[in-house]
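What follows is a set of notes on a single structure, which appears directly below.
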Amino acid sequence: LLIDAELSAIAIYDEHGKFKKLRVTGVERSTIRQLRRLPEGKGILKLMQLTLHPVRINDVSTHEAFSGQFPEGHPVIKNFLGYPIFSSSGKPLGALYFANKQSGDFTEEDEEILKAIASDSAVAIQRAEEIEALEEFKRIIENSFDAIVITNRDGVILYVNRAFEEITGYTRKEAIGRKPNILKSGFHEPEFYRDLWKTILSKKPWKGEFINKRKDGTLFTTSTVIFPLFDDSGEISQFVSIQRDITEEKKLYEQLLRAQKMEAIGTLAGGIAHDFNNILTAILGYAEILKDAVKDKGEKVIKAVDIIERSAQKGADLANKILNITRKEKLELKVADLNTIVREAIELIKRSIPKDIEIKVTLTKNLPPIKADPSQLHQVIMNLAINARDAMPNGGILHIKTEKVGRENGAANGLKSDNGFVKLSVSDTGIGIDKDMQSKIFDPFFTTKEKGRGTGLGLYIVHSIITNHGGYINLYSEPNKGTRFSVYLPVAKGRAQTEEELRPEQLEGNAHILVVDDEKEITDLVKDLLEPLGYRVTIANDGVEALEIFREKKDEIDLVILDMIMPKLNGAEVFQRLKNIEKNVKIIIASGYTDDGLSGIRELMKSGAKGFVQKPFTRKTLAKAIKEALKEEAK
Numbered sequence: 118l119l120i121d122a123e124l125s126a127i128a129i130y131d132e133h134g135k136f137k138k139l140r141v142t143g144v145e146r147s148t149i150r151q152l153r154r155l156p157e158g159k160g161i162l163k164l165m166q167l168t169l170h171p172v173r174i175n176d177v178s179t180h181e182a183f184s185g186q187f188p189e190g191h192p193v194i195k196n197f198l199g200y201p202i203f204s205s206s207g208k209p210l211g212a213l214y215f216a217n218k219q220s221g222d223f224t225e226e227d228e229e230i231l232k233a234i235a236s237d238s239a240v241a242i243q244r245a246e247e248i249e250a251l252e253e254f255k256r257i258i259e260n261s262f263d264a265i266v267i268t269n270r271d272g273v274i275l276y277v278n279r280a281f282e283e284i285t286g287y288t289r290k291e292a293i294g295r296k297p298n299i300l301k302s303g304f305h306e307p308e309f310y311r312d313l314w315k316t317i318l319s320k321k322p323w324k325g326e327f328i329n330k331r332k333d334g335t336l337f338t339t340s341t342v343i344f345p346l347f348d349d350s351g352e353i354s355q356f357v358s359i360q361r362d363i364t365e366e367k368k369l370y371e372q373l374l375r376a377q378k379m380e381a382i383g384t385l386a387g388g389i390a391h392d393f394n395n396i397l398t399a400i401l402g403y404a405e406i407l408k409d410a411v412k413d414k415g416e417k418v419i420k421a422v423d424i425i426e427r428s429a430q431k432g433a434d435l436a437n438k439i440l441n442i443t444r445k446e447k448l449e450l451k452v453a454d455l456n457t458i459v460r461e462a463i464e465l466i467k468r469s470i471p472k473d474i475e476i477k478v479t480l481t482k483n484l485p486p487i488k489a490d491p492s493q494l495h496q497v498i499m500n501l502a503i504n505a506r507d508a509m510p511n512g513g514i515l516h517i518k519t520e521k522v523g524r525e526n527g528a529a530n531g532l533k534s535d536n537g538f539v540k541l542s543v544s545d546t547g548i549g550i551d552k553d554m555q556s557k558i559f560d561p562f563f564t565t566k567e568k569g570r571g572t573g574l575g576l577y578i579v580h581s582i583i584t585n586h587g588g589y590i591n592l593y594s595e596p597n598k599g600t601r602f603s604v605y606l607p608v609a610k611g612r613a614q615t616e617e618e619l620r621p622e623q624l625e626g627n628a629h630i631l632v633v634d635d636e637k638e639i640t641d642l643v644k645d646l647l648e649p650l651g652y653r654v655t656i657a658n659d660g661v662e663a664l665e666i667f668r669e670k671k672d673e674i675d676l677v678i679l680d681m682i683m684p685k686l687n688g689a690e691v692f693q694r695l696k697n698i699e700k701n702v703k704i705i706i707a708s709g710y711t712d713d714g715l716s717g718i719r720e721l722m723k724s725g726a727k728g729f730v731q732k733p734f735t736r737k738t739l740a741k742a743i744k745e746a747l748k749e750e751a752k
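Remember, the numbering used here sits 117 above the position in the sequence shown when you count from 1.
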C-alpha cells in the first residue's frame, strides 16, 4: 500500500453536493450495515467539501470537526488525512479519506501521494459520470416514442432508435450504412429536398412534414425536425433527425375536414330534397286526381298518367333517401319485420342494378321481429347492394338472404341476445376484396374503387347504422370469387307493427280542416284531394293568415294541417300560437323533411301534434292521418 492506513474511503457527490456514493475499505460489512446510512456531510466531511487543500489531522481528539460527529458503532478515528477531488473546471466531485495510519502520523509525503491519487480519481469519476450520462441519454433516446436518426455529414445513417424500427419496419441493421431515402415515397418534388439540404447545410434547423414509405410499402406521415451537430472547429459533423409519426392525427384532421364538408353538402342536399318534395307533392297528388279522371280516356292516356305517377314516386324515393342520409337525430327503433324491410329495399335496388346482374332473394318465413329504424336499414341494404353491383362490372348474381341464427353468433363480438339474432346476408359473385384490405373496409373514406367512383363512406355508414342497432357486421371475401356481408341484429320481443289498411269508404269524412302552407299548389291540391271525400277545407297561405282564420272560426275548425317552413311565421311559431288560442286544437304537421330530419318536428310531436305527414303524400296517406288524428271525436 502507498499509504499504510487502517481505514480508507472515497466519496462521490451528486449535483447538489450531497453524498451519492461512498466506498469504504478496512471496515467489516456488518459494521457498515449497522450504520445503515450515508454520512450527512457534517463536521470533518463538511470541511472537506469547503476546502481546496488537503486536510491532515494527526490527533483528532482535540479537533472540533470530529467532536460528536460519528454515529454509534462507527470505527474509532485516531488520525485523519483527506483530499478533495475537483473536476478540471473546479467543480467538487468528491473526496478521498484515510484514517488511523499504522506507522504513526500522516506526513507531507502522504499528502503528495494522496494528491496524485485524487487527480487520477477526478479523471475516473468524470469519465464514469460521462458514461453514466451517455447511458442515460441513450436510454431516453431508445425509449422515445419519436423516431431518432443520426447521420454523418453526407447523410449516411449512423444510428436509429427502437421507435424508428417500429414506425418504418426497417431493423437497425438494415438501416445503418444506408441513407434516409430508403423511406422516399415519391410524394415530394426534388425542390423539397433541395430546400431541406440548403437549410441544414447553412447550419440551421429544418422543420416540416414528410410523407414517407414503410418497408411494407404503406405510407406514413411524420412531423420532423432536422438539425446539425458541430465538431470542435465549428464545422458540421453529423445531423440528427427527430420524427414524430402523425399519420393518425392527419387522418383524423382530414376526416374532420371531410365531415365538415359532408355536413355542409348534407345541409344543402337536405334543403334541396325538401324543396324537391314540395314540387313532387303537387305532381304526385294531381297525377292521382288525373288518374281517376281519365279512367275512360283510353289506354294511352292512362299509361301516360301512370308514367307521371311512377316517375314522381321515384323522385320522392330519391329525395327521401337523401334526407335519411343527412339526418342527425338519434334513431327511433321500433319492432319491425326484416323481411318487409328487405322487400321495400328491393324495389329501390331494382332501379340501380343493371340487367346483367341477377337479383336472388331468399326470405325465411316466420322470421322473428327486430328493433329497427326501417329507413336506416333500407340504406344499409341499398349501400351493400350498390357495392355488390360495382364489384360485378361484367354481371353476376346478387343474393340477399334472411334467416334466424342462434345467440352464440354474438358471443365472438361481445353481444348478447337471449332470443338469438336475425341474419341478413348480401353476397355477390364479383371480384372480391384482398385480405390486406379487409381490415380497413369499414374505415371512413377508405375505398377500393378507382378515383371518382366512391366517397369511402358507404360501408362506414353501414357499420355505424348496424352498431347503433345493437348488432354487428362482418365479411367474407375471396379474390375473383365474390364477397358476402353478414349483418346480425338481435331478435326483439313483441310483434312487428303493421299499418291498418282502410277501405275507400273509410277514408271519407265531414270534418272542417284548415290547411296552412305557403305553396299555393299544395293548398289547392289538399283541397282537391279532400273535398271529394266529404271534408270541408279552408286555406291559409301563411302563418299570420292562419291565425286570423283560426281566431274567427276556432269553434268550426276540427283539424289544422300545418306546414313547417313558411315566411312571416314558421310552423313551430304558428303551432304554439294556435295552442295559446285553443289548447285542445288538433294539428297535423306536414313537411318535405322527414319527421326527424328537421329540428323542431319531433318536439312538436312531443308537444301535442296529432300526426305527421311527409310530402309528397297521396290522398290515402293524408286521409289516414286525418282519421287517426280525429278518431277520438270523429264526426
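Quick reminder that beta carbons are idealized off the backbone N, C-alpha and C, glycines included.
- Query: Is Ser147 helix, strand or coil by DSSP?
  - Reply: In the three-state DSSP reduction, Ser147 falls in the helix class (H, G or I).
- Quick check: the region 220 to 231 against the region 133 to 142, are there 3 or more CB pairs under 8 angstroms? No contact exists between the region 220 to 231 and the region 133 to 142.
- Task: Take every Cβ of the region 452 to 470, pair it with every Cβ of the region 484 to 492, and state whether three or more of those distances are shorter than 8 angstroms.
- Result: Segment contact: the region 452 to 470 against the region 484 to 492, three or more CB-CB distances shorter than 8 angstroms; contact assigned.
- Going by alpha carbons, who is nearest to Val608 out of Asp553, Leu631 and Lys521? The residue with the shortest Cα to Cα distance from Val608 is Lys521.
- Have a look at Thr335 and Lys367 and give me their C-alpha separation to the nearest angstrom. So the two alpha carbons sit approximately 15 angstroms from each other.
- Item | 7 angstroms Cβ shell around Glu282 - same chain, five flanking residues per side excluded | Excluding its 5 nearest sequence neighbours in each direction, Glu282 has C-beta neighbours in its own chain below 7 angstroms: Thr288 and Arg289, listed in chain order.
- Message: On the DSSP bridge list, what partners appear for Gly728?
- Response: According to DSSP, Gly728 bridges with Ile705.
- Query: Skipping 5 residues on each side, what residues in its chain have a beta carbon closer than 6 angstroms to that of Glu699?
  - Reply: Counting only Cβ-Cβ distances below 6 angstroms, and skipping sequence neighbours, we find Lys671.
- Message: As a quick exercise: from Arg244, Leu213 and Glu405, pick the residue whose alpha carbon is nearest that of Ile230.
- Response: Of Arg244, Leu213 and Glu405, the residue nearest in Cα terms is Leu213.
- Message: For Asn175 and Gln243, what's the separation of their Cα atoms in angstroms?
- Response: As the crow flies, the alpha-carbon of Asn175 is around 31 angstroms from that of Gln243.
- Query: How many angstroms separate the CA atom of Thr142 from the CA atom of Ala241?
  - Reply: Annotation: Thr142 to Ala241 spans about 19 angstroms, alpha carbon to alpha carbon.
- On the DSSP bridge assignment, give the partners of Gln219 in chain order. According to DSSP, Gln219 bridges with nothing at all.
- Task: Return yes when the Cβ of Gly709 is within less than 8 angstroms of the Cβ of His391, no when it is not.
- Result: For His391 and Gly709, yes; Cβs fall inside 8 angstroms.
- Measure from the alpha carbon of Gly513 to the alpha carbon of each residue in Ile470, Val497 and Ser534, then state which is nearest. Taking only the C-alpha atoms, the option nearest Gly513 is Ile470.
- Smallest Cα separation from Val172: which of Leu198, Lys552, His191 and Phe667? Taking only the C-alpha atoms, the option nearest Val172 is Leu198.
- Item | Whole-angstrom distance between Lys332 and Asp553, CA atom to CA atom | The straight-line gap from Cα to Cα measures roughly 15 angstroms.
- Message: Once the 5 residues before and after Lys518 are set aside, which same chain residues still bring their CB inside 6 angstroms of it?
- Response: The residues Thr479 and Ser542, in chain order, have a CB closer than 6 angstroms to that of Lys518 in the same chain once the five nearest residues on each side in sequence are set aside.
- If you draw a straight line from the C-alpha of Arg427 to the C-alpha of Asn591, how long is it? One C-alpha to the other measures close to 36 angstroms.
- Query: Is Trp314 buried or exposed, if buried means 16 or more other CB atoms sit within 10 Å of its CB?
  - Reply: Classification of Trp314: exposed, given that the 10 Å Cβ count is below 16.
- Cα-Cα separation between Gly402 and Pro733, rounded to whole angstroms: Distance between the alpha carbons of Gly402 and Pro733: 8 angstroms.
- Item | Buried versus exposed, by CB contacts within 10 Å (16 or more), Pro684 | Pro684 should be labelled exposed.
- So Val654 is in the alpha helix (DSSP H); what residue range does that whole segment cover? Note, Val654: premise wrong, no alpha helix (DSSP H); beta strand (DSSP E) at Arg653 to Ala657.
- Which value, in whole angstroms, describes the spacing of the CA atoms of Ile458 and Gln493? Roughly 10 angstroms separates the two Cα atoms.
- Task: Out of Ile583, Ile466 and Tyr605, state which residue places its alpha-carbon closest to the alpha-carbon of Arg524.
- Result: Residue nearest to Arg524 within the set Ile583, Ile466 and Tyr605 is Tyr605 (criterion: CA-CA distance).
- Run through DSSP, which three-state label would Phe281 get? Helix at Phe281.
- Item | Which residues DSSP lists as bridging Asn591, in chain order | Beta-bridge annotation (DSSP): Asn591 is paired with Ser603.
- Query: Which residues does DSSP pair with Ala122 in a beta bridge?
  - Reply: Bridge partners of Ala122: Lys218.
- Query: Who pairs with Asp263 in a beta bridge, going by DSSP?
  - Reply: Asp263 is not bridged by DSSP to any residue.
- Item | Other residues of its chain near Val144: CB distance less than 7 angstroms, five sequence neighbours each side excluded | Excluding the 5 residues flanking it on each side, Val144 has same chain C-beta neighbours closer than 7 angstroms at Leu124 and Pro192, in chain order.
- Determine, using beta-carbon pairs with one atom in the region 625 to 640 and one in the region 500 to 507, whether at least three such pairs fall under 8 angstroms. Contact fails: fewer than three Cβ-Cβ distances are below 8 angstroms.
- Query: For the ligand GDP, any of its heavy atoms closer than 7 angstroms to the Cβ of Leu650?
  - Reply: For the structure depicted, the ligand GDP is absent and the ligand set is empty, with no information on it obtainable.
- Message: Quick test of your reading: Ser302 and Lys330, contact by CB under 8 angstroms. State the CB separation rounded to the nearest angstrom.
- Response: Contact flag correct, Cβ pair sits at about 4 angstroms.
- Query: Whose C-alpha, out of Thr168, Ala216, Glu181 and Ala182, is nearest the C-alpha of Lys208?
  - Reply: Measuring from the Cα of Lys208, the nearest candidate turns out to be Thr168.
- Relative to the C-alpha of Asp237, which residue among Lys748, Ile202 and Arg270 is closest? Considering only alpha carbons, the answer is Ile202.
- Of all the options Ile265, Tyr652, Val691 and Leu647, which has the alpha carbon lying nearest to the alpha carbon of Asn658? For Asn658, the nearest C-alpha among the options comes from Val691.
- Query: Hey, Ile548 and Asn597 are a contact pair by Cβ (cut 8 angstroms); roughly how many whole angstroms apart?
  - Reply: With a Cβ gap of about 6 angstroms, Ile548 and Asn597 count as contacting.
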